[in-house]
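Chemist: Mind having a look at this structure? Questions to follow.
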Amino acid sequence: MRRTNIQLDAQGRLRHFLTIEGFKRQMLVDILDTAESLATVTDQSVKKVPLLRGKTIVNLFFEASTRTRTTFELAAKRLSADVLNLNIASSATKKGESLLDTLHNLQAMHCDMFIVRHEESGAAHFIAKHVAPHVSVVNAGDGRHAHPTQAMLDMFTIRRCKGDFYPLNVAIVGDILHSRVARSQIHALTTLGVNEVRVIAPKTLLPKDVEALGVHVYHDMKAGLKDVDVVIMLRLQNERMSGALLPSEHEYFNLYGLTEEKLAWAKPDAIVMHPGPINRGVEIESSVADGPQSVILQQVTHGIAVRMAVMSMCLGTVAQPTGGEA
Amino acid sequence: MNISILNGRIIDPANDIDRIDALHIRDGNIVALGAAPADFTAEQTIDASGQLIIPGLVDLAARLREPGYEYKATLASEIQAAVSAGITTLACPPDTDPVIDTPAVVKLIRLRSERIGRARVVCIGAATQELAGNLLSEMAALQTAGCVGVSNGYAPFKDHQVQRRMMEYAATFGLTVFLHAEDDNLAAGGCMHEGAISTRLGLPGIPEAAETVAVARDLALIADTGVRAHFCRLSSAKAVQMVGRAQFDGLPVTIDVAAHQLFLTDMDVGEFNSQCHLRPPLRSQRDMQGLRQSLQRGVISAICSDHQPHEADAKLVPFSETETGMSALETLLPLTLRLADEANLSLSSAIAKVTCAPAQILGLEAGTLGIGRAADIAIVDPEQYWELSKDTIQSRGHNTPFLGWELKGRVTHTLVGGRLVYQLHGE
Numbered sequence: 006m007r008r009t010n011i012q013l014d015a016q017g018r019l020r021h022f023l024t025i026e027g028f029k030r031q032m033l034v035d036i037l038d039t040a041e042s043l044a045t046v047t048d049q050s051v052k053k054v055p056l057l058r059g060k061t062i063v064n065l066f067f068e069a070s071t072r073t074r075t076t077f078e079l080a081a082k083r084l085s086a087d088v089l090n091l092n093i094a095s096s097a098t099k100k101g102e103s104l105l106d107t108l109h110n111l112q113a114m115h116c117d118m119f120i121v122r123h124e125e126s127g128a129a130h131f132i133a134k135h136v137a138p139h140v141s142v143v144n145a146g147d148g149r150h151a152h153p154t155q156a157m158l159d160m161f162t163i164r165r166c167k168g169d170f171y172p173l174n175v176a177i178v179g180d181i182l183h184s185r186v187a188r189s190q191i192h193a194l195t196t197l198g199v200n201e202v203r204v205i206a207p208k209t210l211l212p213k214d215v216e217a218l219g220v221h222v223y224h225d226m227k228a229g230l231k232d233v234d235v236v237i238m239l240r241l242q243n244e245r246m247s248g249a250l251l252p253s254e255h256e257y258f259n260l261y262g263l264t265e266e267k268l269a270w271a272k273p274d275a276i277v278m279h280p281g282p283i284n285r286g287v288e289i290e291s292s293v294a295d296g297p298q299s300v301i302l303q304q305v306t307h308g309i310a311v312r313m314a315v316m317s318m319c320l321g322t323v324a325q326p327t328g329g330e331a
Numbered sequence: 093m094n095i096s097i098l099n100g101r102i103i104d105p106a107n108d109i110d111r112i113d114a115l116h117i118r119d120g121n122i123v124a125l126g127a128a129p130a131d132f133t134a135e136q137t138i139d140a141s142g143q144l145i146i147p148g149l150v151d152l153a154a155r156l157r158e159p160g161y162e163y164k165a166t167l168a169s170e171i172q173a174a175v176s177a178g179i180t181t182l183a184c185p186p187d188t189d190p191v192i193d194t195p196a197v198v199k200l201i202r203l204r205s206e207r208i209g210r211a212r213v214v215c216i217g218a219a220t221q222e223l224a225g226n227l228l229s230e231m232a233a234l235q236t237a238g239c240v241g242v243s244n245g246y247a248p249f250k251d252h253q254v255q256r257r258m259m260e261y262a263a264t265f266g267l268t269v270f271l272h273a274e275d276d277n278l279a280a281g282g283c284m285h286e287g288a289i290s291t292r293l294g295l296p297g298i299p300e301a302a303e304t305v306a307v308a309r310d311l312a313l314i315a316d317t318g319v320r321a322h323f324c325r326l327s328s329a330k331a332v333q334m335v336g337r338a339q340f341d342g343l344p345v346t347i348d349v350a351a352h353q354l355f356l357t358d359m360d361v362g363e364f365n366s367q368c369h370l371r372p373p374l375r376s377q378r379d380m381q382g383l384r385q386s387l388q389r390g391v392i393s394a395i396c397s398d399h400q401p402h403e404a405d406a407k408l409v410p411f412s413e414t415e416t417g418m419s420a421l422e423t424l425l426p427l428t429l430r431l432a433d434e435a436n437l438s439l440s441s442a443i444a445k446v447t448c449a450p451a452q453i454l455g456l457e458a459g460t461l462g463i464g465r466a467a468d469i470a471i472v473d474p475e476q477y478w479e480l481s482k483d484t485i486q487s488r489g490h491n492t493p494f495l496g497w498e499l500k501g502r503v504t505h506t507l508v509g510g511r512l513v514y515q516l517h518g519e
C-alpha cells in the first residue's frame, strides 16, 4: 500500500503545504509559475486581487517571528482575505489549554486556513492531521523540520537570477543541524534537479547521515565554494557556543563567515542568499551582505508573491494541474 | 478442581518437552503429563486439539500504572489484558507514584493484585529513594517484602559513586539489579534514533553512543562489584555485542529486549507517528537484524512487552512532547510466535524467551510445566489470525502502532494456579 500524501486532496491538488518532501517537480514549478503571475500585483498601485475574498486566514504563531508573519499577513491581505494574528506563545497555552483545544476553538469560528509556526518538529503535520476537512494548513516553520515557503521563495529568487536549475551548484553554509530552512531548501533543490547541492559546516553543525538527503559534505569553504553559483548562508544562533558546538564566534567567522575574499572562491557571478535575520560579522560580512552579489532583500520581496501563490493554491482559488505527488 | 487438558501440543522448553499429550491438574498444580494418575478423575476437560499448551508467559516489564496513574490504567484493567494474552506473571517496575521504595508500596500492590486474583504480580524495587539517584533504598526490607530485584528505572544515578555503592549494597543481599542503559547527557533532548530519519524529520536524535557508553560503564561496575545484573531493553546491536562479549568472559549478565524492537525500526516513525515515540528509541534496520541474531544465539535471553499504557491525550501533542511507551501486553505472544517463523528460531526456543528465561532472571519458579509446579498455563491457537483493533484490545491503553496489524496466534484459555482465568469467547 502506498502512503497517501497528506498534503494533497483526492484529486492530487494542493491542500496543505507542510514540507517540500514528497512533491513532484511539476508541483514546485507550478507554485513558482503562480507566484510569478501574482508578483505583478505587488507592482500595481492598487496592490490587491480578490482571490481569497471572504476567506479567513489565521496566523497561528507559537514561536516569535517578525518577517515571516508579516509577509504572510501582507500576502493574505493582497489576496483580500481576512487575517487574524494569534501569538499563542503569550496566550492560550500559557493558560493550560492544549494545542488541540486551541485548534478546535479556532475552527469553530469558521477559519479557512491556519498558518502555523511552532518550535516542535512535526507540529504542522500534527495540526493538519486534526483539522476539519475544509481547513488548510501552511507550515511557517516547525522545529528543525521544515520551512517550505521560505525554501520556495529562495527557489523563486534563484530562478529569477539564474533561469534554469539544472546546471547550478548550490552551497548551503552554516548551522545545518538546527535549520529547518536548510532541510526544505535541500528537498526543493534536489527535486528541481540542480547539478549539485553542497553543505559546508563543521561536523558539530551537521546532522547525522546528512548525505542521505542527497548532498555533498564539505568542511572547508575554499573547496566547498569552488564552482558554486549560489551561496546560501544560514543564521548562527548565539546558543551554539554554550551547547559546546562551537568554541567562539571569532573562530566560526574565521572559518565559515562569508567575506569578500571567500566569496571570490565561488563563481564570479555567484549570488549570495540568507533567510534572515542576518548576524553581521558572525556568518556574513557587511560588505558581502550589502554587496552587488547579495540578493537578500529580493528574497524578502519574493516571499510575498510565493506565499500568495501557496495560499491561493491550497484554498483552490487558482487553477492548478493535478497529480503533484512524487 | 481437577482439570485435564487433552490433545494439545505441549511445549515446555525448560523440560525440553514438545509433544502432543494430555496434561492433568490437581489442587492448582500440574500432576501429570500423558496418562492421568490412578486416583485422578477430571472434573473439567479442555479439548486443546490443534492448539499449543505452553507455560503462562512471564513478562519482565509491565507498567500497570497503579498506584498513582490510575487515569492511564489500573491493576484490574491491565491484569485482565495480560491474562487475555496468556501472561500469568508480571514484573512491575518501580516507577509508580509513590515509587516502590518502601515495603508499604510492595504490600499495597500485592494486596490489590491478590484481591483481583487472576495473575501474579511481582515488584522490582527502587534502587534509590524516590528514584532520585542520591540515597540508597532499604533494599533488605524491599527484598523481605518480596521484591525480585532493584532498579532505578529510567532515572539516572547522581554519579558513578552512587551507582557503584548501589551495586555493592544489592550484591550484599544477592539482589539482581535491573539496568536501563542510557547516558542521560548523550540522550538529553532526543526523541528518536539519531540517523538519516531523524535528520530528515528534524527531530533531535538519541545517538547509539547513549546506549554503548552506558553499557561500557555498567559492565565495568558490574565486574567491579560482582553484582548479578540484568540489562533491560537494549536497543542497539553494538551494545548487545558488548554485553555478549562480557558474557563470554564469564560476567553474570543477562539481556532482554522489547518485542516491538524486533519488528519496528526508526522508519516506522514515518511522518511523526507518536505511537513510535519509545524509550529506548526504535533503532535502524541493522540494529533490528542484530537484535534478532543475538536472540537466536542466546546472548539476549528474554523478550518482554515493556507495556506502558497511556491515556489518549498523552499521544495527542506534537511528537517530541508526547509521552514515551506503547501498550504491549497483547502483542507479546503473537510477535514472539511470528519470530519463530521469521527469525530462524525454533518454536520452543521462541517460547522459552517469554516463559522460563524471564522467570529465571526474576528468580521465580514459573514459566515451566514441570510436575508439581503451579498450573500457570496458556492454551494458544497458533493458526488463528486476528486483528488488534480498538474493539479487540483489552488494555486501557490503546497506544500501540500495531493497531490494524493482522496477528497470528491467539490465546483461547489461560489458567493461573489451576484456575481458568480467561477464556476466549468465554462461556
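Protein chains in written order, with our numbering: chain A, 6 to 331; chain B, 93 to 519. We put the CB at the ideal spot given by N, CA and C, even for glycine.
#1: At a CB-CB cut-off below 7 angstroms, which residues of chain B make contact with A/Arg188?
#2: Using a Cβ-Cβ cut-off of 8 angstroms, state whether B/Ser412 counts as contacting chain A.
#3: Below 8 angstroms, can you find three or more Cβ-Cβ pairs linking the region 48–67 of chain A to the region 169–178 of chain A?
#4: My guess is that B/Gly459 and B/Val175 are in contact by the Cβ rule of under 8 angstroms, so how many angstroms apart are they, rounded?
#5: Okay, do the region 183–203 of chain A and the region 12–25 of chain A touch, 3+ Cβ pairs below 8 angstroms being the bar?
#6: So if I threshold CB-CB distances at 8 angstroms, which residues from the region 197–222 of chain A count as touching chain B?
#7: Return the bridge partner residues of A/Asn174 from the DSSP annotation.
#8: Does B/Phe34 come within less than 8 angstroms of chain A when only Cβ atoms are used?
#9: So, is B/Tyr261 buried or exposed, given that buried needs 16 or more other C-beta atoms within 10 angstroms?
#10: Any beta carbon of chain B sitting closer than 8 angstroms to that of A/Leu91?
#11: Pull up the distance between the alpha-carbon of B/Glu519 and that of B/Gln172, whole angstroms please.
#12: Can a CB atom of chain D be found closer than 8 angstroms to the CB of A/Gly148?
#13: Between which two residues does the beta strand (DSSP E) holding A/Ile301 run?
#14: Going along chain B in order, which residues have a C-beta closer than 8 angstroms to the C-beta of A/Ser50?
#15: At least one CB of chain A closer than 8 angstroms to the CB of B/Gly35: is that the case?
#16: Any C-beta of chain B within less than 9 angstroms: which residues of the region 10–21 of chain A qualify?
#17: So, is the C-beta of A/Gly127 closer than 8 angstroms to a C-beta in chain B?
#18: Among residues of its own chain, excluding the 5 on either side of B/Gly318, which ones have a beta-carbon nearer than 6 angstroms to its beta-carbon?
#19: How would you label A/Ser291, buried or exposed, when you count the other beta carbons within 10 angstroms and need 16 or more for buried?
#20: Note down, in chain order, all residues in the region 320–349 of chain B with a beta-carbon under 8 angstroms from any beta-carbon belonging to chain A.
#21: Checking the sheet assignment: what are the DSSP bridge partners for B/Glu413?
#22: Anything in the region 273–290 of chain B with a Cβ closer than 8 angstroms to a Cβ of chain A? List those residues in chain order, please.
#23: Are A/Asp159 and A/Arg185 close, meaning C-beta to C-beta below 8 angstroms?
#24: DSSP state of B/Thr220, grouped into three classes?
#25: Could you tell me which uninterrupted alpha helix (DSSP H) segments, each at least 4 residues in length, are contained entirely in the region 427–481 of chain B, listed from first to last along the chain?
#26: Check whether the Cβ of B/Leu480 lies closer than 8 angstroms to any Cβ atom in chain A.
#27: Confirm, please, whether the CB-CB distance from B/Ile146 to B/Val472 is below 8 angstroms.
#28: Would a check of beta-carbon distances place B/Leu408 closer than 8 angstroms to chain A?
#29: Curious, which full-length alpha helix (DSSP H) runs of at least 4 residues does the region 237–286 of chain A contain?
#30: Can you tell me which of B/Arg111, B/Leu144, B/Asp139 puts its alpha carbon nearest to the alpha carbon of B/Ala470?
#31: So, are the CB atoms of B/Leu125 and B/Asp113 less than 8 angstroms apart?
#32: Could you give the C-beta distance for B/Ile122 and B/Ala451, rounded to a whole number, given that I count them as a contact under 8 angstroms?
#33: Can you tell me the Cα-Cα spacing of B/Asn277 and B/Ala302, whole angstroms?
#34: Alpha helix (DSSP H) containing A/Asp38: first to last residue?
#35: Give the straight-line distance between the Cα atoms of B/Pro372 and B/Thr484, rounded to the nearest whole angstrom.
#36: Could you say which of A/Asp14, A/Pro138, A/Val34 lies nearest to A/Met157 if we only look at CA atoms?
Modeler: According to the structure shown:
#1: As a working mapping, residue 188 of chain A is identified with position 183 in the first sequence. By Cβ distance, chain B contributes Gly294.
#2: Numbered from its first residue, the second sequence carries residue 412 of chain B at position 320. B/Ser412 counts as touching chain A.
#3: Short answer: they don't touch.
#4: Translated into the one-based positions of the second sequence, residue 459 of chain B becomes position 367. Translated into the one-based positions of the second sequence, residue 175 of chain B becomes position 83. Not quite, the Cβ-Cβ distance comes to about 15 angstroms (not below 8 angstroms), so this is no contact.
#5: yes
#6: Pro212, Lys213, Asp214, Val215, Ala217, Leu218
#7: In the first sequence, counting from the first residue as 1, residue 174 of chain A sits at position 169. Bridge partners of A/Asn174: A/Glu201.
#8: Lying outside 93 to 519, the shown extent of chain B, residue 34 of chain B is not represented and no answer is given.
#9: Residue mapping note: residue 261 of chain B aligns to position 169 of the second sequence, counting from 1. Buried, by the Cβ-count rule.
#10: Your numbering for residue 91 of chain A matches position 86 in the first sequence. Taking Cβ atoms only, chain B never reaches closer than 8 angstroms to A/Leu91, which makes this a no.
#11: As a working mapping, residue 519 of chain B is identified with position 427 in the second sequence. As a working mapping, residue 172 of chain B is identified with position 80 in the second sequence. Residue placement at B/Glu519 cannot be trusted, given a pLDDT of 45 that sits under 50; the coordinates are not used to answer.
#12: Given the protein chain composition of this structure (A and B), no chain D is represented.
#13: For the purposes of this step, residue 301 of chain A is identified with residue 296 of the first sequence, where counting begins at 1. That residue, A/Ile301, is in no beta strand (DSSP E); its alpha helix (DSSP H) goes 301–319.
#14: Walking along the first sequence from the start, residue 50 of chain A turns up at place 45. None at all; the shortest Cβ gap to chain B is about 42 angstroms.
#15: Outside the modelled stretch of chain B, which goes from 93 to 519, sits residue 35 of chain B, for which no answer is possible.
#16: Ile11
#17: Sequence index remark: in the first sequence, residue 127 of chain A carries index 122 (1-based). Interface residue, yes.
#18: Taking the first residue of the second sequence as 1, we reach residue 318 of chain B at position 226. So the list reads Ala263, once near-sequence residues are dropped.
#19: What you label residue 291 of chain A is simply residue 286 of the first sequence in a count that begins at 1. With fewer than 16 other Cβ atoms within 10 Å, it is exposed.
#20: Cβ contacts with chain A come from no residue of the region 320–349 of chain B.
#21: Translated into the one-based positions of the second sequence, residue 413 of chain B becomes position 321. DSSP lists no partner for B/Glu413.
#22: Only those residues of the region 273–290 of chain B whose C-beta falls short of 8 angstroms from the nearest C-beta of chain A are listed: Glu286, Gly287, Ala288, Ser290.
#23: The residue given as residue 159 of chain A occupies position 154 in the first sequence. The residue given as residue 185 of chain A occupies position 180 in the first sequence. The answer is no: Cβ separation not under 8 angstroms.
#24: On the second sequence, position 128 is the one that residue 220 of chain B refers to. Strand, per DSSP.
#25: 439–444, 448–454
#26: As a first step, residue 480 of chain B must be located in the second sequence, where it is residue number 388. Not one chain A Cβ lies under 8 angstroms of B/Leu480.
#27: Residue mapping note: residue 472 of chain B aligns to position 380 of the second sequence, counting from 1. Residue mapping note: residue 146 of chain B aligns to position 54 of the second sequence, counting from 1. Going by C-beta atoms, B/Val472 is nearer than 8 angstroms to B/Ile146.
#28: Translated into positions along the second sequence, residue 408 of chain B becomes position 316. At least one chain A Cβ lies under 8 angstroms of B/Leu408.
#29: For secondary structure counted as the alpha helix (DSSP H) over 4 or more consecutive residues, the region 237–286 of chain A holds these complete runs in sequence order: 244–247, 254–261, 265–268.
#30: Your numbering for residue 470 of chain B matches position 378 in the second sequence. For B/Ala470, the nearest C-alpha among the options comes from B/Leu144.
#31: Numbered from its first residue, the second sequence carries residue 125 of chain B at position 33. Numbered from its first residue, the second sequence carries residue 113 of chain B at position 21. Their beta carbons are under 8 angstroms apart, which means B/Leu125 touches B/Asp113 by this criterion.
#32: Looking up residue 122 of chain B in the second sequence gives position 30. Looking up residue 451 of chain B in the second sequence gives position 359. About 15 angstroms separates the two Cβ atoms, so there is no contact after all.
#33: Along the second sequence, one-based indexing puts residue 277 of chain B at 185. Along the second sequence, one-based indexing puts residue 302 of chain B at 210. In a straight line, the C-alpha of B/Asn277 is about 8 angstroms away from that of B/Ala302.
#34: In the first sequence, residue 38 of chain A corresponds to position 33, counting from 1. 30–48 is the span of the alpha helix (DSSP H), which, as asked, contains A/Asp38.
#35: Here residue 372 of chain B refers to the residue found at position 280 of the second sequence. Here residue 484 of chain B refers to the residue found at position 392 of the second sequence. Cα to Cα, the separation comes out at about 27 angstroms.
#36: Position 152 of the first sequence holds residue 157 of chain A. Selected option, being the one with the closest Cα: A/Val34.
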